[in-house]
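J.: Read in order, the letters of the sequence shown are residues 7 to 403 in the working numbering.
A virtual CB, placed ideally from N, CA and C, is assigned to each residue, including glycine.
All values derive from a computational prediction rather than experimental measurement.
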Amino acid sequence: MIRLALLGATGSIGENTLDVVARHPERFRVVALTGHRQVEKLAEQCQQFKPRYAVVADETAAQALRQRLQAAAVDTEVLFGEQALCDVAAGSEVDAVMAAIVGAAGLLPTLAAAKAGKTIYLANKETLVVAGALFMETARRHGAKVLPVDSEHNAIFQVLPENFDGDLARAGVSSLVLTASGGPFLHTDLADFAAITPAQAVQHPNWSMGQKISVDSATMMNKGLELIEAHWLFNAAPAQLEVVIHPQSIVHSMVRYADGSVLAQMGLPDMRTPIAYCLGLPERLDAGVDKLDFARVGALTFNRPDFVRFPCLQLAYEAMQAGKAAPCVLNAANEVAVAAFLAKRIGFTAIAALVEHCLDNYGHQQADSVEALLHLDEQVRAAAQVWVRNHYRVLNQ
Ligand code: NAD
Ligand code: MG
Numbered sequence: 007m008i009r010l011a012l013l014g015a016t017g018s019i020g021e022n023t024l025d026v027v028a029r030h031p032e033r034f035r036v037v038a039l040t041g042h043r044q045v046e047k048l049a050e051q052c053q054q055f056k057p058r059y060a061v062v063a064d065e066t067a068a069q070a071l072r073q074r075l076q077a078a079a080v081d082t083e084v085l086f087g088e089q090a091l092c093d094v095a096a097g098s099e100v101d102a103v104m105a106a107i108v109g110a111a112g113l114l115p116t117l118a119a120a121k122a123g124k125t126i127y128l129a130n131k132e133t134l135v136v137a138g139a140l141f142m143e144t145a146r147r148h149g150a151k152v153l154p155v156d157s158e159h160n161a162i163f164q165v166l167p168e169n170f171d172g173d174l175a176r177a178g179v180s181s182l183v184l185t186a187s188g189g190p191f192l193h194t195d196l197a198d199f200a201a202i203t204p205a206q207a208v209q210h211p212n213w214s215m216g217q218k219i220s221v222d223s224a225t226m227m228n229k230g231l232e233l234i235e236a237h238w239l240f241n242a243a244p245a246q247l248e249v250v251i252h253p254q255s256i257v258h259s260m261v262r263y264a265d266g267s268v269l270a271q272m273g274l275p276d277m278r279t280p281i282a283y284c285l286g287l288p289e290r291l292d293a294g295v296d297k298l299d300f301a302r303v304g305a306l307t308f309n310r311p312d313f314v315r316f317p318c319l320q321l322a323y324e325a326m327q328a329g330k331a332a333p334c335v336l337n338a339a340n341e342v343a344v345a346a347f348l349a350k351r352i353g354f355t356a357i358a359a360l361v362e363h364c365l366d367n368y369g370h371q372q373a374d375s376v377e378a379l380l381h382l383d384e385q386v387r388a389a390a391q392v393w394v395r396n397h398y399r400v401l402n403q
């Protein structure tokens, strides 16, 4: 019986996780669910899974949730705030933590799980982008197991040798190949990019996901973040990482071996597959996923990524190569840019412009401790907000 804390339970990954969990009630006990401000949905989940704890953003959300739970006679204890997230992630009643909060907000609770030596199912890629070195070292020191939920990294994890110890060369691996769908604007005329709306950007052709990662997929920043994620998870040098466009999203990623073999993991684009892989290890669980019908898919195609069309991918690549705190800057700027784009305060092409602006100004900084990284994150967000305000004024003059 795995005792589970689900951080970000009300999100897309959270709901998919609970779907898998509900198929195997004999294997899992849900100890904690968190849902920030999504009180309604969290209340429903608490009714169904009866966790010991639920965590929300603040006192107001906590009151609202308590009322709903009382009315439904559910005796879940309601906590609030960032410290409560860290406490449930590190608590002694929990064996494993699904880290599925979106953005750098997931860093501290995920790090708390690492410090407590938990098994971590890692969806929150921003943790690795902001603090990859620190997080991996913390996990190693405290014996925390990190299992990748992100479909590409999960695919790579599935086809790496079972005894992989962090040395790709020793494992006979020459490179890791991340596949990317290319998102909704793979063939859009470049002249139309500036007019792309949030509604268009969140319409991913293959995957149903949260808003932030959907926009990241449209700019291909998502693949950039995933390069950095792979860099830390698999100890891969930038030269050992490749990106290939694969619009069908059937091959979820590949490992190229020294002898010329390329091993791929395939399946329908359904996050329940990588989630179930992590939750079930070493067994394979029924995840409720449809059978992949090859005849229906027909063709699998592959192309080189276009860095002119997707400057965010280039920026992420450069941030990975620059190292130090550049990825932290990239992430903070991108989070502000995506939120501003979704709020219709900046245009689609301004996302890359804002990220580049922040990297130029802050990308060279050094930040080794979590405090220094969070301080830099804050500084960059403030600078990015100023840029957004100026940009918005210019647009609306
Ligand atoms: P989502 O927006 O659907 O859900 C986010 C969750 O985090 C919600 O439960 C929300 O209440 C909570 N949350 C939001 N802001 C918070 C804050 N400041 N503090 C605490 N909790 C907060 O996002 P998602 O699509 O489920 O993605 C979650 C993470 O998983 C992201 O890091 C994303 O990159 C990664 N991921 C998602 C997918 C996918 O298919 N959705 C695939 C791979 C990786
Ligand atoms: Mg992914």
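How would you call F141, buried or exposed, if buried means at least 16 neighbouring beta carbons within 10 angstroms?
T.: Sequence index remark: in the sequence shown, residue 141 carries index 135 (1-based). Classification of F141: buried, given that the 10 Å Cβ count is 16 or more.
J.: Does the Cβ-Cβ distance between V108 and K218 come in under 8 Å?
T.: Sequence index remark: in the sequence shown, residue 108 carries index 102 (1-based). Sequence index remark: in the sequence shown, residue 218 carries index 212 (1-based). Yes, the Cβ-Cβ distance between V108 and K218 is below 8 Å.
J.: Could you pull the start and end residues of the beta strand (DSSP E) that V165 belongs to?
T.: Indexing the sequence shown from 1 puts residue 165 at position 159. Per DSSP, V165 belongs to no beta strand (DSSP E); it is in the alpha helix (DSSP H), 157-165.
J.: Assign N169 to buried or exposed, taking buried as 16 or more other Cβ atoms, counted over all protein chains shown, within 10 Å of its Cβ.
T.: For the purposes of this step, residue 169 is identified with residue 163 of the sequence shown, where counting begins at 1. That one is exposed.
J.: In the DSSP assignment, what are the bridge partners of F34?
T.: Numbered from 1 along the sequence shown, position 28 holds the residue referred to as residue 34. Paired residue(s): I8.
J.: Look at the alpha carbon of R33 and the alpha carbon of I8, and state the distance between them as a whole number of angstroms.
T.: Numbered from 1 along the sequence shown, position 27 holds the residue referred to as residue 33. Numbered from 1 along the sequence shown, position 2 holds the residue referred to as residue 8. Cα to Cα, R33 sits roughly 6 Å from I8.
J.: Please report the distance separating the alpha-carbon of H258 from that of E235.
T.: Looking up residue 258 in the sequence shown gives position 252. Looking up residue 235 in the sequence shown gives position 229. Distance between the alpha carbons of H258 and E235 is about 15 Å.
J.: If you compare alpha carbons, which of A137, D64, L13, D156 is closest to A102?
T.: Position 96 of the sequence shown, counted from the start, is the residue given in the question as residue 102. Comparing Cα positions, the closest option is L13.
J.: Of all residues in the structure, which have a C-beta closer than 7 Å to any heavy atom of the ligand MG, taken in chain order?
T.: Here the residues come out as D156, S157, E158, N228, E232.
J.: Using a Cβ-Cβ cutoff of less than 7 Å, which residues in the same chain neighbour A373 once the five nearest sequence positions on both sides are dropped?
T.: Working through the sequence shown from its first residue, we reach residue 373 at position 367. These residues qualify, in order along the chain: A331, C334, L379, L382.
J.: Is S18 near the ligand NAD, with its Cβ less than 7 Å from a heavy atom?
T.: Locating residue 18 in the sequence shown gives position 12, where the first residue counts as 1. Yes, since a heavy atom of the ligand NAD falls inside the 7 Å radius drawn around the Cβ of S18.
J.: So, helix, strand or coil for A111, using DSSP?
T.: Within the sequence shown, the letter at position 105 stands for residue 111. Note: A111 maps to helix in three-state DSSP.
J.: CA-CA distance, I251 and A186?
T.: Here residue 251 is taken as the residue at index 245 of the sequence shown, counted from 1. Here residue 186 is taken as the residue at index 180 of the sequence shown, counted from 1. Roughly 5 Å separates the two Cα atoms.
J.: Report the three-state DSSP secondary structure of H42 (helix, strand or coil).
T.: Numbered from 1 along the sequence shown, position 36 holds the residue referred to as residue 42. DSSP places H42 in strand when its eight states are reduced to three.
J.: Would you tell me roughly how many angstroms separate the C-alpha atoms of K121 and A150, rounded to the nearest one?
T.: In the sequence shown, residue 121 corresponds to position 115, counting from 1. In the sequence shown, residue 150 corresponds to position 144, counting from 1. So the alpha carbons of these two residues sit roughly 7 Å apart.
J.: Quick one: residues in its chain with C-beta nearer than 6 Å to the C-beta of V100, no 5 flanking neighbours on either side, listed in chain order?
T.: As a first step, residue 100 must be located in the sequence shown, where it is residue number 94. Contacts found: R9, A11, V37.
J.: Under 8 Å between the Cβ atoms of M215 and S375?
T.: Residue 215 sits at position 209 when you count from the first residue of the sequence shown. Residue 375 sits at position 369 when you count from the first residue of the sequence shown. No; because the gap between Cβ atoms is not below 8 Å, this pair is not in contact.
J.: So the candidates are A78, L85, Q54, D173; which of them puts its Cα closest to the Cα of H42?
T.: The residue you call residue 42 lines up with position 36 of the sequence shown. The residue with the shortest Cα to Cα distance from H42 is L85.
J.: What runs of the alpha helix (DSSP H), each 4 residues or longer, lie entirely inside the stretch 303-374?
T.: As far as the stretch 303-374 is concerned, its whole alpha helix (DSSP H) runs of at least 4 residues are 317-328, 332-348, 355-368.
J.: Cutting at 6 Å between CB atoms, please list the residues of its own chain near F163, excluding the five before and the five after it.
T.: As a working mapping, residue 163 is identified with position 157 in the sequence shown. Around F163: P154.
J.: For I281, name the three-state secondary structure that DSSP assigns.
T.: Counting from one through the sequence shown, the residue named residue 281 turns up at place 275. Looking at I281 - three-state DSSP - the assignment turns out to be helix.
J.: Taking DSSP as the reference, what is the three-state secondary structure of T203?
T.: Sequence index remark: in the sequence shown, residue 203 carries index 197 (1-based). Coil.
J.: Return helix, strand or coil for I234, following the three-state DSSP convention.
T.: Position 228 of the sequence shown, counted from the first residue, corresponds to residue 234. I234 falls in the helix class under three-state DSSP.
J.: Starting from Q271, trace the beta strand (DSSP E) in both directions and tell me its first and last residue.
T.: One-based indexing of the sequence shown puts residue 271 at position 265. Unbroken beta strand (DSSP E) run through Q271: 268-272.
J.: Just curious, the beta strand (DSSP E) that I251 is in, first and last residue?
T.: On the sequence shown, position 245 is the one that residue 251 refers to. That run of the beta strand (DSSP E) goes 247-251.
J.: On the premise that V295 lies in contact with T279, defined as a C-beta separation below 8 Å, what is that separation, rounded to the nearest angstrom?
T.: For this step, residue 279 is matched to residue 273 along the sequence shown. For this step, residue 295 is matched to residue 289 along the sequence shown. Between V295 and T279 the Cβ distance is about 5 Å, and since that is below 8 Å, they are a contact.
J.: Just verifying my parser: in three-state terms, what is the DSSP assignment at P244?
T.: Sequence index remark: in the sequence shown, residue 244 carries index 238 (1-based). The answer is helix: DSSP assigns P244 an H, G or I state.
J.: Relative to the C-alpha of M260, which candidate in A161, A356, R146 has its C-alpha closest?
T.: The residue you call residue 260 lines up with position 254 of the sequence shown. Here the closest residue by C-alpha is A161.
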